[in-house]
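Each remark here refers to the structure printed beneath this line.
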Ligand SMILES: Cc1cc2nc3c(=O)[nH]c(=O)nc-3n(C[C@H](O)[C@H](O)[C@H](O)COP(=O)(O)OP(=O)(O)OC[C@H]3O[C@@H](n4cnc5c(N)ncnc54)[C@H](O)[C@@H]3O)c2cc1C
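In my numbering, the protein residues as written are 2 to 390.
Quick look at the structure:
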């Protein structure tokens with residue numbers, strides 16, 4: 002039976018015709034191209050590289066950016082793309098988030114014309130891959146403490162330091178690297194093969210297995226003067242990229258939750274317990290209703306956020322609230338579904354265990370659940386509980 006995305010209150014009725022066309026196209030792509038192999042990739046800890054040029058061809062990479070071969074879609078459409086992809090797997094959506102929001106967006110926003118011409122068309126087409134290096138072994142929630150530094154030389158810069166937990170690091174043709182300079186934190190483009198720049202994948206993960214998670218090392222790594230992103234002006238520039246990626250996550254998590262709910266509902270209708278379909282039991286119905294209510298709330302939150310972004314009225318705290326709420330909601334749906342499936346829920350025959358494991362990364366990366374509470378909390382109280390004052 003084909004997947005049916007739950008949409009209890011016809012929230013997608015708020016989308017425009019164009020947005021729904023993209024939704025249907027990406028939904029079919031996920032059904033036909035992602036679903037058949039994603040379980041195997043997760044099991045084997047590999048990423049489906051064959052999908053990269055296909056997603057480029059469809060305009061899904063840097064979808065909301067203008068020019069340079071990008072699709073120039075609105076922010077709501079970008080959100081819908083993330084939702085449909087994450088219904089397949091958080092690893093596939095993570096690829097698109099990193100490529101679009103964390104690599105193409107900073108090049109588009111802070112890059113020189115030459116950098117844009119060199120990288121954006123290739124990245125948009127999926128002919129090149131990028132990664133975003135901010136987190137370090139000792140600095141995750143507090144990236145301002147970073148040790149990685151870039152010292153000016155006569156003809157460029159020399160980078161030293163290490164980055165950790167970097168999505169796509171080993172497969173990236175270009176890394177957007179954040180480093181301390183004498184004038185503060187700046188972004189740099191470091192190309193694969195640059196002397197002194199090495200990468201390696203983090204193995205033995207429980208979560209986001211269909212995704213490369215890597216370490217980047219800079220050991221007297223010399224880059225030219227024009228490797229710096231000229232428009233980057235401190236940590237705030239890196240946070241602007243994260244804000245764009247978190248927005249996509251707020252939508253994406255709904256897709257994972259919808260996939261789990263769909264699985265739970267089917268199971269509840271067909272699994273016979275005490276000679277009755279499992280769905281006849283009140284506790285089971287309550288679980289389904291809790292999930293569906295959470296999904297509906299998440300859909301409305303994401304749609305409104307998209308609307309605020311498309312009309313230039315969104316604030317980064319809106320994004321924090323939506324990322325925080327929707328990922329938690331999705332994780333609860335995945336855990337509930339896994340439970341409702343009983344022993345079957347621990348197998349790869351069903352998707353909820355995979356989504357549950359993936360969402361443990363999603364709730365941590367791009368600002369943990371707690372960090373987003375502190376961001377919104379600081380905004381509403383005017384008092385900083387983050388510890389960086
Ligand atoms: C699969 C995966 C992919 C990733 N991809 C990337 C990437 O592409 N690029 C990149 O730069 N990074 C990436 N990350 C890193 C991610 O952004 C960090 O893991 C995240 O920011 C948290 O940092 P940390 O792991 O160092 O945890 P820590 O900062 O050490 O946090 C540990 C715990 O302390 C809590 N905590 C932190 N500060 C406070 C506080 N002030 N008050 C109360 N509690 C607090 C946190 O909520 C958390 O529960 C990725 C991570 C994962 C798991």
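Backbone N, C-alpha and C fix where the C-beta goes; we use that ideal spot for every residue, glycine too.
query: Looking only at its own chain, which residues have a Cβ that is under 6 Å from the Cβ of residue 144, when we skip the five neighbours before and after it?
result: Reading the chain shown from its first residue, position 143 is the one you call residue 144. 135.
field: Cβ-Cβ distance between residue 303 and residue 323 below 8 Å
entry: In the chain shown, the residue the question calls residue 303 occupies position 302. In the chain shown, the residue the question calls residue 323 occupies position 322. Residue 303 is a Cβ neighbour of residue 323, given a cutoff of 8 Å.
- request: Less than 8 Å between the CB atoms is what I'm expecting for residue 86 and residue 256, so what's the real figure, rounded?
  value: Numbered from 1 along the chain shown, position 85 holds the residue referred to as residue 86. Numbered from 1 along the chain shown, position 255 holds the residue referred to as residue 256. 7 Å between Cβ atoms; contact.
DSSP state of residue 6 mapped onto helix, strand, coil: For the purposes of this step, residue 6 is taken as residue 5 along the chain shown, with counting starting at 1. It is coil, neither helix nor strand.
Residue(s) in a DSSP beta bridge with residue 160: Counting from one through the chain shown, the residue named residue 160 turns up at place 159. Within the DSSP secondary-structure output, residue 160 pairs in a beta bridge with 151, 222.
- prompt: Looking at residue 106 and ligand 1, is the gap between the Cβ and the nearest heavy atom below 7 Å?
  reply: In the chain shown, residue 106 corresponds to position 105, counting from 1. In terms of side-chain proximity, the C-beta atom of residue 106 is found no nearer than 7 Å to any non-hydrogen atom of ligand 1.
message: What would DSSP say about residue 102, mapped onto helix, strand or coil?
response: Locating residue 102 in the chain shown gives position 101, where the first residue counts as 1. In this structure, residue 102 counts as helix in the three-state DSSP scheme.
field: Three-state class that DSSP yields for residue 197 in the structure shown
entry: Taking the first residue of the chain shown as 1, we reach residue 197 at position 196. DSSP, read as helix, strand or coil, puts residue 197 in coil.
query: In the structure shown, what three-state DSSP assignment does residue 205 receive?
result: Position 204 of the chain shown holds residue 205. Under the three-state reduction of DSSP output, residue 205 falls in the coil class, being neither helix nor strand.
message: Quick check for students: name the residue ranges of the alpha helix (DSSP H) that lie wholly in the stretch 114–141, counting only runs of 4 or more.
response: Secondary structure remark: continuous alpha helix (DSSP H) runs of at least 4 residues inside the stretch 114–141, in chain order: 114–126.
task: Figure out for me which residue from 230, 140, 157 has the closest Cα to the Cα of residue 177.
output: Within the chain shown, the letter at position 176 stands for residue 177. The residue among 230, 140, 157 with its C-alpha nearest the C-alpha of residue 177 is 230.
field: residue 16 versus residue 210: straight-line alpha-carbon distance, rounded
entry: For the purposes of this step, residue 16 is taken as the residue at position 15 of the chain shown. For the purposes of this step, residue 210 is taken as the residue at position 209 of the chain shown. Residue 16 and residue 210: Cα-Cα distance of roughly 32 Å.
query: Secondary structure at residue 276, three-state DSSP: helix, strand or coil?
result: Translated into the one-based positions of the chain shown, residue 276 becomes position 275. DSSP places residue 276 in coil when its eight states are reduced to three.
- prompt: Can you check whether the CB of residue 91 is closer than 8 Å to the CB of residue 353?
  reply: Position 352 of the chain shown, counted from the start, is the residue given in the question as residue 353. Position 90 of the chain shown, counted from the start, is the residue given in the question as residue 91. The Cβ-Cβ distance between residue 353 and residue 91 does not fall below 8 Å.
- request: Kindly indicate which three-state DSSP category residue 232 falls into: helix, strand or coil?
  value: Taking the first residue of the chain shown as 1, we reach residue 232 at position 231. DSSP places residue 232 in coil when its eight states are reduced to three.
Rounded separation between residue 259 and residue 299 - CA only: Sequence index remark: in the chain shown, residue 259 carries index 258 (1-based). Sequence index remark: in the chain shown, residue 299 carries index 298 (1-based). Their backbone Cα atoms lie some 11 Å apart in a straight line.
query: What's the gap between the Cα of residue 155 and the Cα of residue 321?
result: The residue given as residue 155 occupies position 154 in the chain shown. The residue given as residue 321 occupies position 320 in the chain shown. Distance between the alpha carbons of residue 155 and residue 321 is about 42 Å.
field: alpha helix (DSSP H) segment containing residue 39, residue limits
entry: Position 38 of the chain shown, counted from the first residue, corresponds to residue 39. DSSP places residue 39 inside the alpha helix (DSSP H), whose first and last residues are 36–45.
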